[in-house]
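These notes are about the structure you will find just below.
There are 2 protein chains.
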Amino acid sequence: MAQGQNRSEHTHGLLFLTDEQLRKGIEAMFFAYRGFTADPDRILAEKSYGRAHHRALHFIQRSPGTTVNNLLSTLGVTKQSLNRVLRTLIEDGLVLNKVGTNDKRQRHLSLTDAGRELEQALSNAQRDRMRSAYRQAGAEAVYGFCTVLEAMMDPDLKQHYDQLTGGDSV
Amino acid sequence: MAQGQNRSEHTHGLLFLTDEQLRKGIEAMFFAYRGFTADPDRILAEKSYGRAHHRALHFIQRSPGTTVNNLLSTLGVTKQSLNRVLRTLIEDGLVLNKVGTNDKRQRHLSLTDAGRELEQALSNAQRDRMRSAYRQAGAEAVYGFCTVLEAMMDPDLKQHYDQLTGGDSV
DNA sequence: AATAATATGTCAGTGTTGTTGACATTCCAA
DNA sequence: TTGGAATGTCAACAACACTGACATATTATT
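This is the structure:
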């Protein structure tokens with residue numbers, strides 16, 4: 004195949020992209036996401052938890068004292084779905100549920116020591132793979148990686164992302 | 004925050020990475036994957052299909068005449084799980100199931116015209132977002148994006164990916 | 001020819017995670 | 001005081017993954 008046909012180029016100021024290149028990105032996302040979740044999944048399976056528990060632990064750790072509503076819109080699930088997960092985490096002593104002082108309707112969520120411990124184990128496993136991938140790829144690639152991912156997000160999800168990551172440079 | 008502390012650097016030949024940067028990548032993957040599936044999901048919902056149907060259609064389109072076993076290892080699910088999806092797609096006239104000529108135990112899968120049509124609609128929706136993200140991010144970023152994703156894959160998944168994408172340059 | 005292995009399909013049961021819809025409670029605010 | 005917001009909970013359901021067991025061709029091996 005001729006080089007020019009299969010390489011990213013700027014044509015009329017726009018990036019020229021073949022369907023093949025786009026398809027490659029789509030498949031990269033599919034296969035990479037499987038790797039992305041594989042390590043935490045193994046730990047979760049031992050404790051008979053699922054990905055939903057991981058996600059809840061992650062975002063509670065990330066924003067200690069967050070409310071249920073905030074967590075709901077971050078995760079993008081229904082409250083019934085989240086509630087099932089939260090209930091088991093609270094029963095198992097991994098998550099604390101504190102009635103708000105200002106607004107007593109709200110519940111502020113935080114991790115217990117045991118919760119932090121599991122979240123750390125899950126995060127470490129996931130970060131190890133991410134670190135290894137980053138190092139294989141190099142600093143420039145990491146910058147591109149985040150840039151494309153950010154451009155792929157829905158605007159409302161992007162807002163949650165920006166709020167969490169605080170606009171830190173990559 | 005001081006610049007040097009929060010920027011990717013090479014230290015002793017290794018990329019220096021803070022937990023914060025790794026966490027950012029993890030969250031970027033989470034939020035971006037939601038965007039990645041959002042558009043096809045809307046089309047699938049109308050036809051009362053799910054993501055599993057999309058994945059099957061995608062990889063059959065990608066490797067016409069592929070066998071059930073090959074599709075199984077690409078998708079990484081059990082044959083019972085795939086069979087449920089394949090059966091509905093065959094019944095609905097989207098997928099063809101042809102007995103092998105060499106080995107009559109095998110079934111060779113391919114798309115019908117209707118199958119190609121739906122796969123195109125799903126792919127177009129997904130590619131549109133990918134194209135838009137690529138163009139926002141630029142050619143260099145796209146290269147980095149794929150590089151990091153490839154480094155994140157499990158080796159056995161990477162093999163499937165390489166086989167499909169055929170080592171084309173990004 | 002008999003036997004083992006392979007490729008596929010199917011049935012039954014189970015678990016996680018998502019959905020709707022309905023309803024109760026508590027509390028803030030107009 | 002009334003309306004709405006935040007939360008929790010119950011029930012039913014669907015998608016999609018899993019395991020285990022079993023059936024049926026077909027091919028490979030001995």
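So the protein sequences, as listed, match chains A and B.
Position one of the first sequence corresponds to residue 4 (our numbering), numbered consecutively onward.
Position one of the second sequence corresponds to residue 4 (our numbering), numbered consecutively onward.
By construction, the Cβ of each residue, glycine as well, lies at the ideal position given by its N, Cα and C atoms.
Problem - Q139 of chain A versus S126 of chain B: straight-line alpha-carbon distance, rounded - result: 30 Å
Handout entry: Assigned secondary structure, K101 of chain B (DSSP; H/G/I helix, E/B strand, else coil)
Key = strand
Handout entry: Per-residue DSSP class, three states only, for S135 of chain A
Key = helix
Problem - Residue-chain proximity (I63 of chain B, chain A), Cβ-Cβ < 8 Å - result: no
Exercise for the section: Pull out every residue of the region 46-73 of chain B whose Cβ sits closer than 7 Å to any Cβ of chain A, in chain order. Expected result: none
Problem - Delimiting residues of the alpha helix (DSSP H) encompassing L20 of chain B - result: Where L20 of chain B is concerned, there is no enclosing alpha helix (DSSP H), given that its DSSP letter is neither H nor E.
Problem - Integer-rounded CB distance, given that A136 of chain B should sit under 8 Å from V151 of chain A - result: 5 Å
Handout entry: C-alpha gap between D95 of chain B and E49 of chain B, whole angstroms
Key = 15 Å
Handout entry: Below-8 Å beta-carbon distance, G118 of chain B vs any chain A residue
Key = no
Handout entry: C-beta contact flag for F62 of chain B and L78 of chain B at 8 Å
Key = yes
Problem - DSSP-derived helix/strand/coil call for S51 of chain B - result: coil
Exercise for the section: Quick one: residues in its chain with C-beta nearer than 7 Å to the C-beta of Q123 of chain B, no 5 flanking neighbours on either side, listed in chain order? Expected result: none
Handout entry: Cutoff 8 Å: V80 of chain B Cβ touching any chain A Cβ
Key = no
Practice task
Return the Cβ separation of T70 of chain B and R110 of chain B in integer angstroms, given the expectation that the two are a contact with Cβ distance under 8 Å.
Solution key: 7 Å
Problem - M155 of chain A, DSSP secondary structure in three states - result: helix
Problem - Start-to-end residues for the beta strand (DSSP E) that takes in R178 of chain B - result: Limits of chain B in this structure are 4 at one end and 173 at the other, which puts residue 178 of chain B out of reach.
Practice task
Kindly say whether H163 of chain B, judged by its beta-carbon, lies nearer than 8 Å to any beta-carbon of chain A.
Solution key: yes
Exercise for the section: Report yes or no: is there a C-beta of chain A within less than 8 Å of the C-beta of L152 of chain B? Expected result: yes
Exercise for the section: Can you grab the Cα-Cα spacing for the pair K101 of chain B / L114 of chain B, in whole Å? Expected result: 11 Å
Exercise for the section: Could you spell out the range, first to last residue, of the alpha helix (DSSP H) harbouring V71 of chain B? Expected result: V71 to L78
Problem - Test: M156 of chain A CB closer than 8 Å to a CB of chain B - result: yes
Practice task
Pull up the distance between the alpha-carbon of T81 of chain B and that of T91 of chain B, whole angstroms please.
Solution key: 16 Å
Practice task
Mind listing the chain B neighbours of R138 of chain A? Cutoff is C-beta to C-beta under 9 Å, in chain order.
Solution key: L17, L18, L20 and A154
Problem - For K27 of chain A, the three-state DSSP class (helix, strand or coil) - result: helix
Practice task
Just confirm the distance between the C-beta atoms of Y146 of chain B and F34 of chain A, as a whole number of angstroms; I'd bet it's less than 8 Å.
Solution key: Contact doesn't hold; Cβ gap of about 17 Å is too wide.
Handout entry: Spatially closest choice to L89 of chain A from A:L121, A:S76, A:H56 and A:A117, by CA coordinates
Key = A:H56
Exercise for the section: Report the option in B:S84, B:E23 and B:L121 whose CA atom is closest to the CA atom of S51 of chain B. Expected result: B:L121
Practice task
Starting from the C-beta of G75 of chain B, find all residues in its chain whose C-beta is less than 7 Å away, skip the five residues before and the five after it, and write them out in chain order.
Solution key: The amino acid occupying residue 75 of chain B in the given sequence is Leu; Gly does not appear at that position. Cβ within range, chain order: K82 and L85.
Problem - Option nearest R87 of chain B by Cα separation, candidates B:Y36, B:P158, B:Q64 and B:A59 - result: B:A59
Problem - Nearest to F39 of chain B (by Cα), restricted to the options A:A41, A:P43, A:G103 and A:E30 - result: A:E30
Exercise for the section: Would you kindly work out how many angstroms separate the C-alpha atoms of M133 of chain B and Q24 of chain A, rounded to a whole number? Expected result: 10 Å
Practice task
Compute the distance between the beta-carbons of Q129 of chain A and P67 of chain A, then report whether it is under 8 Å.
Solution key: no
Handout entry: Anticipated Cβ contact below 8 Å, R37 of chain B with D157 of chain A, distance rounded
Key = 7 Å
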